[in-house]
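**Q** Just so we're aligned, residue 49 is where the sequence shown starts under this note's numbering, counting upward by one.
Heads up, the beta-carbon is just placed ideally off N, CA and C, and yes, glycines get one too.
Just so it is clear, the structure is predicted and the values come from calculations on it, not from any experiment.
Here it is: the structure, laid out below.
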Amino acid sequence: MQNFQVVDISAWQEKLNWQKLKANNIQGVIIKIGEYTHLDEMFISHVNNAVTYNLPYGIYYYAHASTIDKAIAEANWVDKQIKTYLNGQNPPLGIWYDAEDKSILKNNINVAYMIGNFINQLNELDYNYVGLYSSYNWLTNIIDLNLLADYIPI
């Protein structure tokens, strides 16, 4: 399998040099769409630049849901933003649920249930590539990956 170099970007990369990204052989970007119900300040600009510089992009949502209902609400919020800003189109590199914030743990519900329900909700809304994005620590020590369906990309 060939390496595909991708970087994640958000409002923290407001002054991103897109020409330099391409020159450094970056082949795609994963753009933060938001968290809670707040659209990332640079989301629209980053999507427009990805398209302008012909870089495939995906999006990630920074998760805070501590219940299954909240995870489904987060998925519905993401769907609304995609319909508003991306004309309902599947991002070429997918949609990613960034689960690594301690707020997810506050109700002592296994994090895998929130992840699975977020992903399933977007799958049911016809998004065809929705996966889990997290830190190594969370993937190895906090999230019980065995509880996630085999079809979920990580």
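Expressed to the nearest angstrom, what Euclidean distance is found between the alpha-carbon atoms of Asn-72 and Pro-104?
**A** Rounded to the nearest angstrom, the two C-alpha atoms are 15 Å apart.
**Q** Give me, in chain order, the residues of the same chain whose beta-carbon lies closer than 6 Å to that of Ala-59; leave out the 5 immediate sequence neighbours on both sides.
**A** Taken in chain order, the residues that qualify are Asp-88, Glu-89, Met-90.
**Q** Do Asn-143 and Leu-170 have their C-beta atoms within less than 8 Å of each other?
**A** Here residue 143 is Ile; the residue named in the question, Asn, does not match the sequence. It is a contact, given that the beta carbons lie within the stated cut-off.
**Q** In angstroms, rounded to a whole number, what distance separates the CA positions of Ile-79 and Asn-156?
**A** Distance between the alpha carbons of Ile-79 and Asn-156 is about 29 Å.
**Q** Quick one: what does DSSP say Glu-62 is sitting in, helix, strand or coil?
**A** In this structure, Glu-62 counts as coil in the three-state DSSP scheme.
**Q** Excluding five sequence neighbours on each side, which residues of the same chain lie with their C-beta closer than 6 Å to the C-beta of Asn-176?
**A** Cβ neighbours of Asn-176 beyond the five flanking positions: Asn-138.
**Q** Terminal residues of the continuous beta strand (DSSP E) containing Asp-117?
**A** Note, Asp-117: premise wrong, no beta strand (DSSP E); alpha helix (DSSP H) at 116-133.
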